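Visitor: My structure is below; once you've seen it, I'll send some questions.
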Amino acid sequence: WKIHVAICYNWILVLIINLNERFNCQARNGVKYKFTLKLLYYFVECYCGPHGKCSFNDYNKVCSCDRGFSEIDGICKECDCGSNGICSFNEGYKVCLCDRGFSEKDGKCRECYCGPHGKCSFDDYNKVCSCDRGFSEIDGICKECYCGPHGKCSFDDYNKVCSCDRGFSEIDGICKECDCGSNGICSFNEGYKVCLCDRGFSEKDGKCRECYCGPHGKCSFNDYNKVCSCDRGFSEIDGICKECYCGQNGFCSLKSGVKVCSCEDGYSEINGRCQKCDCGPYGNCYFKNAKKICYCKQFFAEKFGKCIECYCGMQSWSCRFSSRGKKVCDCKPGYAQKNETCVEMCKSSSDCLNEGICRRFESGSFCDCGPYFSGDRCEKSEFCDHLKEKCEEIGAICVSTPWKATCECPKGKMFTPRGMCEDICDAAKCLYGKCEVTGKTYRCICEEGFSGLLCDINNNIKTNISIWGISLIVFCFILLVTMVGVLCCGFQNVRNNRCDHSKHF
């Protein structure tokens, strides 16, 4: 026999050739057969795709895939988990078998290490450490963290935290048995058991037992007896804290379910409150039949239990406040209340000045003034309200007439070319005299021996100047004649070498 195997176009050709040899075959039953086999052949397909090499192992097809590819359904398909893992397919799904210290993320084996005591994985791009029992994650590494068999250990800002099972509490870093019952939380404080009971329960014999005083009280046990500590303004009745408040200056109690106020000295119960009898600094207070009464001073009246200023002007008989706090004026005849004061009423518009109109209002007839006027009879002008500030800037005052307002300098001042009001008189205006204001100008009253508008002329100096002036003129004339004579002599000397006057020397 000769066997030939050839690969042709992804097929394997198996040839079995016999060179006309005869064979004798004997069956198990002893019968012999003779036959001649000349040629036996068959073809078997073997293809793994362009990225794999196909072969048979004991008649089984075997694909040897290139790196980055793996077999699925007899074909080498792309399957890459990176250089730190092996890729394969499992039921059609890609599976990455990553090296130690790596875990699959986005189809690749990426670095993911939680230490030797934890398994690392990724969850939505975040690293997740599944630590062994007795270890917990801190800074991405599973470190020893043990709270005993009845607690779960974790880290919070590098501090060990024990989350103990129900009925256990942490002491010295280990969860130990600590049971306050099903209605409270047990803990240790400096080695002592402490029960933090639910609302409506309180500790008794190391267990949280039912103890309720209502929402306005705190319940506790004292020698097996229930004790209610009620909030301010509440008192116990039938084991429940019920409202009972008399104010800060009284003690409240309930007798047969009825509220009773025991007030301090100087206080009395008014509408269920212990109130001080106080009408303020402008009145005297006292209680009469449990009712507060205020006697107020003149020009004051009671308003909400206090004496408040109440004045309606000189034309009122009295002033008071209504139960709602509204001011009420009792005015004299011919006057009625307007703007919380007694105002003179008008009969017709002729009673009103500056074109005011007499109108009927709720309380009476009054002058209704036009713009820029006020007063009972519209006698006050308000034109200066808009000009007053400007007048003050230049040192003037505002003067109003019925329909006009102007800036005028006050007495003793006058307008200057600079547009300012300045003093009419000052020390520089009358040199040797006294300045006196006359209307809008001034005059100088000169001292004795002085005259002129500004008292700047000295009458004595004027006479002396006249005498000295004449003397000076005479002296100058004589000096002039002498100088002329000297000049003539000098000129004649030049001509005659002599002077007619030399005989006198």
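With mature numbering (1 follows the signal peptide of the UniProt record, and there is no 0) as the guide, the letters of the sequence shown map in order to residues -27 to -1, 1 to 478.
Note that beta-carbon positions come from the ideal geometry of N, C-alpha and C, so glycine has one too.
Because the structure is a prediction, the values reported are computed rather than measured.
(1) Assuming the contact rule is C-beta atoms closer than 8 Å, residue 37 and residue 25 should be a hit. Round their C-beta distance to whole Å, please.
(2) Three or more C-beta pairs under 8 Å: does that hold for the stretch 369 to 389 against the stretch 343 to 361?
(3) Could you tell me which uninterrupted beta strand (DSSP E) segments, each at least 3 residues in length, are contained entirely in the stretch 158 to 232, listed from first to last along the chain?
(4) In the DSSP assignment, the beta strand (DSSP E) including residue 380 goes from what residue to what residue?
(5) Which of the three DSSP states is assigned to residue 460 in this structure?
(6) Could you give the distance in angstroms between the alpha-carbon of residue 18 and the alpha-carbon of residue 76?
(7) Would DSSP call residue 334 helix, strand or coil?
(8) So the candidates are 229, 301, 247 and 190; which of them puts its Cα closest to the Cα of residue 236?
(9) Where does the unbroken alpha helix (DSSP H) through residue 360 begin, and where does it stop?
(10) My output table needs one value for residue 295: the three-state DSSP class, helix, strand or coil.
(11) Could you name the residues of the same chain whose beta carbon sits closer than 6 Å to that of residue 356, not counting the 5 residues immediately before and after it, in chain order?
(12) Who does residue 310 pair with in a DSSP beta bridge?
(13) Please state the DSSP three-state secondary structure of residue 145.
(14) Would you kindly work out how many angstroms separate the C-alpha atoms of residue 121 and residue 141, rounded to a whole number?
(15) Give a yes or no on whether the C-beta atoms belonging to residue 269 and residue 288 are separated by under 7 Å.
(16) Tell me the rounded alpha-carbon separation between residue 125 and residue 88.
(17) Taking buried to mean at least 16 other C-beta atoms within 10 Å of its own C-beta, is residue 83 buried or exposed?
(18) Considering only residues of the same chain and omitting the five flanking positions on each side of residue 115, which have a CB-CB separation below 6 Å?
(19) What three-state label does DSSP hand residue 6 in the structure shown?
(20) So who's on the other strand from residue 99, going by DSSP bridges?
(21) Just the Cα atoms here: how many angstroms apart are residue 291 and residue 337?
Guide: The short version:
(1) For this step, residue 37 is matched to residue 64 along the sequence shown. For this step, residue 25 is matched to residue 52 along the sequence shown. Approximately 6 Å separates the beta-carbon atoms of residue 37 and residue 25; this is inside 8 Å, confirming the contact.
(2) yes
(3) 165 to 170, 174 to 177, 180 to 183, 190 to 195, 198 to 203, 207 to 210, 213 to 216 and 223 to 228
(4) Reading the sequence shown from its first residue, position 407 is the one you call residue 380. Start and end: 377 to 381.
(5) Translated into the one-based positions of the sequence shown, residue 460 becomes position 487. Residue 460 falls in the helix class under three-state DSSP.
(6) On the sequence shown, residue 18 is found 45 positions in, with the first residue counted as 1. On the sequence shown, residue 76 is found 103 positions in, with the first residue counted as 1. C-alpha separation (whole angstroms): 38 Å.
(7) In the sequence shown, counting from the first residue as 1, residue 334 sits at position 361. In the structure shown, residue 334 sits in coil (DSSP, three-state: anything other than H, G, I, E or B).
(8) Here residue 236 refers to the residue found at position 263 when the sequence shown is read from its first residue. The residue with the shortest Cα to Cα distance from residue 236 is 247.
(9) Within the sequence shown, the letter at position 387 stands for residue 360. Residues 357 to 366.
(10) The residue labelled residue 295 in the question sits at position 322 within the sequence shown. Residue 295 falls in the coil class under three-state DSSP.
(11) Walking along the sequence shown from the start, residue 356 turns up at place 383. Counting only Cβ-Cβ distances below 6 Å, and skipping sequence neighbours, we find 345, 373 and 378.
(12) Within the sequence shown, the letter at position 337 stands for residue 310. Residue 310 is bridged by DSSP to 315.
(13) For the purposes of this step, residue 145 is taken as residue 172 along the sequence shown, with counting starting at 1. For residue 145, the secondary structure class from DSSP, reduced to helix, strand or coil, is coil.
(14) What you label residue 121 is simply residue 148 of the sequence shown in a count that begins at 1. What you label residue 141 is simply residue 168 of the sequence shown in a count that begins at 1. The alpha-carbon atoms of residue 121 and residue 141 are separated by roughly 10 Å.
(15) If you number the sequence shown from 1, residue 269 lands on position 296. If you number the sequence shown from 1, residue 288 lands on position 315. No, Cβ-Cβ distance for residue 269 and residue 288 is not below 7 Å.
(16) What you label residue 125 is simply residue 152 of the sequence shown in a count that begins at 1. What you label residue 88 is simply residue 115 of the sequence shown in a count that begins at 1. Going by the C-alpha atoms only, they are around 19 Å apart.
(17) Reading the sequence shown from its first residue, position 110 is the one you call residue 83. Looking at its Cβ environment, which holds 16 or more other Cβ atoms inside 10 Å, residue 83 is buried.
(18) If you number the sequence shown from 1, residue 115 lands on position 142. Cβ within range, chain order: 87, 88, 90, 91, 102, 104 and 108.
(19) Position 33 of the sequence shown holds residue 6. Confidence at residue 6 is low in this model, with a pLDDT of 49, below 50, so the placement of that residue is unreliable and no value is reported for it.
(20) Position 126 of the sequence shown, counting from 1, holds the residue named residue 99. DSSP output for residue 99 lists 96 as bridge partner(s).
(21) Residue 291 sits at position 318 when you count from the first residue of the sequence shown. Residue 337 sits at position 364 when you count from the first residue of the sequence shown. Approximately 18 Å, taken between the alpha carbons.
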